[in-house]
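A short worksheet on the structure shown next.
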Amino acid sequence: MLMFVESEAGRLECVASGSDSSGRTNVVLVHGIQGTAAIWAPIIPQLSDTRRILAPNLRGRAASFAPDVLEAYTMTAFASDLRAVIKQATGPIVLVGWSMGSLVALEYLKRYGAEGIIGLGLISGSSCLQVDGGKDAIWFHEETAEKLAEEAAGRVKRLQLTQAATDRAVAGSWLSARKADYRQELNSIKLPVLLIHGAEDPECPIEHAHSMANALPNARLEVWEDCGHLPMAHDPQRFASALEGFALSCETG
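Residue numbers 1 to 253, in full-length UniProt numbering, belong to the letters of the sequence shown in order.
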């Protein structure tokens, strides 16, 4: 079902599924730079049998509020949106970010801490789009908002996104994401962390996952062979099973 959450800046649309009984683990799913909560549709039914799922549409996506200025679409702003959603959780939280959502999750932990969170999932993600000794994560090449909009349209088709962010949201997000750098924060994250990354990811090369796994104190990396940037679409059942197993391990310590 859809619910609406009031953040400090505006109203956010959020997909909610599963029982909200007190104490049940909540899995909060954060989409990427162009995606929406729809990116998680293949796995939500499988996870909601045992968990409560919250999948927000951050600003500039679906029916969530959409500011007019590029400067409103930053990792800091998205973390603020995410905080409003996390406040709706009714139990311990496993926070999962895909692609840019990984940057948002890391910004959230840096800004607000890990209270209530028992596990972190970083899917096809990076702590910095530039990585030492490897290939940069390059989602876009263009510099101007107009050219970015054209490139974004092609990326929607390439990733087969059923729903996408506004052009303004994409442009602002990209300008912010390419400056983001959380490498220095990784060592201080004591949460259990599950990283899932496709070996053939052209958007965020596998070096980014290895770099994060080496820096995080309590991380486990799953490298999926013959998989690109969308593990949840590549094999939804396997992905849901991996998250379910991770959530269970976080609950039992």
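For glycine and all other residues, C-beta sits at the position ideal for the given N, C-alpha and C.
Given a threshold of 16 other Cβ atoms within 10 Å of its Cβ, counted over all protein chains shown, does Phe4 qualify as buried or as exposed?
Numbered from its first residue, the sequence shown carries residue 4 at position 4. So Phe4 counts as exposed.
Could you pull out every residue in the same chain whose Cβ sits closer than 6 Å to the Cβ of Leu29, ignoring the five residues on either side in sequence?
Against the sequence shown, residue 29 aligns to sequence position 29. Here the set comprises Trp40, Ala55 and Val96.
Run of the beta strand (DSSP E) containing Met1, from where it starts to where it stops:
Sequence index remark: in the sequence shown, residue 1 carries index 1 (1-based). Premise fails: Met1 is in no beta strand (DSSP E) and is neither H nor E.
For the alpha helix (DSSP H) containing Arg83, list its first residue and its last residue.
Against the sequence shown, residue 83 aligns to sequence position 83. Per DSSP, the continuous alpha helix (DSSP H) segment holding Arg83 begins and ends at Met75 to Ile86.
In whole angstroms, what separates the C-alpha of Trp224 from that of Ala63?
For the purposes of this step, residue 224 is taken as the residue at position 224 of the sequence shown. For the purposes of this step, residue 63 is taken as the residue at position 63 of the sequence shown. Going from the Cα of Trp224 to the Cα of Ala63 covers about 33 Å.
Under three-state DSSP, which class holds Leu26?
Locating residue 26 in the sequence shown gives position 26, where the first residue counts as 1. Checking the sequence shown, residue 26 turns out to be Asn, not Leu. Strand, per DSSP.
By the three-class DSSP mapping on this structure, what secondary structure does Ile196 have?
Translated into the one-based positions of the sequence shown, residue 196 becomes position 196. In this structure, Ile196 counts as strand in the three-state DSSP scheme.
Would you mind working out which of Met1, Ala233, His210 and Phe239 sits nearest Asp132, comparing C-alpha positions?
Residue numbering aside, residue 132 sits at position 132 when the sequence shown is read from its first letter. Ranking Met1, Ala233, His210 and Phe239 by Cα distance to Asp132 puts His210 first.
Taking the continuous alpha helix (DSSP H) assigned at Ser17, which residues delimit it?
Position 17 of the sequence shown, counted from the first residue, corresponds to residue 17. Membership of Ser17 in any alpha helix (DSSP H) is not indicated; the residue belongs instead to the beta strand (DSSP E) covering Arg11 to Ser17.
Closest by CA to Ser99, which one among Arg178, Leu12 and Ala66?
Within the sequence shown, residue 99 is the residue found at index 99, counting from 1. Ser99 has its Cα closest to that of Arg178, out of Arg178, Leu12 and Ala66.
Where Cys204 falls: helix, strand or coil (DSSP):
To locate residue 204, count along the sequence shown from 1; it is residue 204. Note: Cys204 maps to coil in three-state DSSP.
Measuring only the C-alpha atoms, how far is Leu216 from Ala169?
On the sequence shown, position 216 is the one that residue 216 refers to. On the sequence shown, position 169 is the one that residue 169 refers to. Looking at the two C-alpha atoms, the distance is approximately 30 Å.
Just the Cα atoms here: how many angstroms apart are Pro45 and Gly113?
Here residue 45 refers to the residue found at position 45 when the sequence shown is read from its first residue. Here residue 113 refers to the residue found at position 113 when the sequence shown is read from its first residue. In a straight line, the C-alpha of Pro45 is about 29 Å away from that of Gly113.
Counting Cβ pairs closer than 8 Å, one from the region 227-240 and one from the region 197-210, do we hit at least three?
Yes, since at least three Cβ pairs between the region 227-240 and the region 197-210 fall closer than 8 Å, the two stretches touch.
Can you find the residues in the same chain that come closer than 6 Å, C-beta to C-beta, to Gly116, ignoring five residues on each side of it along the sequence?
Locating residue 116 in the sequence shown gives position 116, counting from the first residue. Ile93, listed in sequence order.
For Pro205 and Ala247, which I take to be in contact (beta-carbon distance under 8 Å), what is that distance rounded to the nearest angstrom?
Stepping through the sequence shown from its first residue, residue 205 is reached at position 205. Stepping through the sequence shown from its first residue, residue 247 is reached at position 247. Contact doesn't hold; Cβ gap of about 27 Å is too wide.
Delimiting residues of the alpha helix (DSSP H) encompassing Glu107
Taking the sequence shown and counting its residues from 1, the one referred to as residue 107 is at position 107. In the DSSP assignment, Glu107 falls within the alpha helix (DSSP H) that extends over Met100 to Tyr112.
Quick one: measure Cβ to Cβ for Tyr108 and Ala79, integer angstroms, because I've assumed they're closer than 8 Å.
Sequence index remark: in the sequence shown, residue 108 carries index 108 (1-based). Sequence index remark: in the sequence shown, residue 79 carries index 79 (1-based). Indeed, because the Cβ distance is near 4 Å, the residues count as touching under 8 Å.
Can you determine whether any heavy atom of the ligand PLP sits closer than 8 Å to the C-beta of Arg11, and answer yes or no?
You won't find the ligand PLP in this model; it holds no ligand whatsoever.
Taking Glu251 as part of the alpha helix (DSSP H), name the residues at either end of that continuous run.
Sequence index remark: in the sequence shown, residue 251 carries index 251 (1-based). Judged by DSSP secondary structure, Glu251 falls within the alpha helix (DSSP H) whose first and last residues are Pro236 to Thr252.
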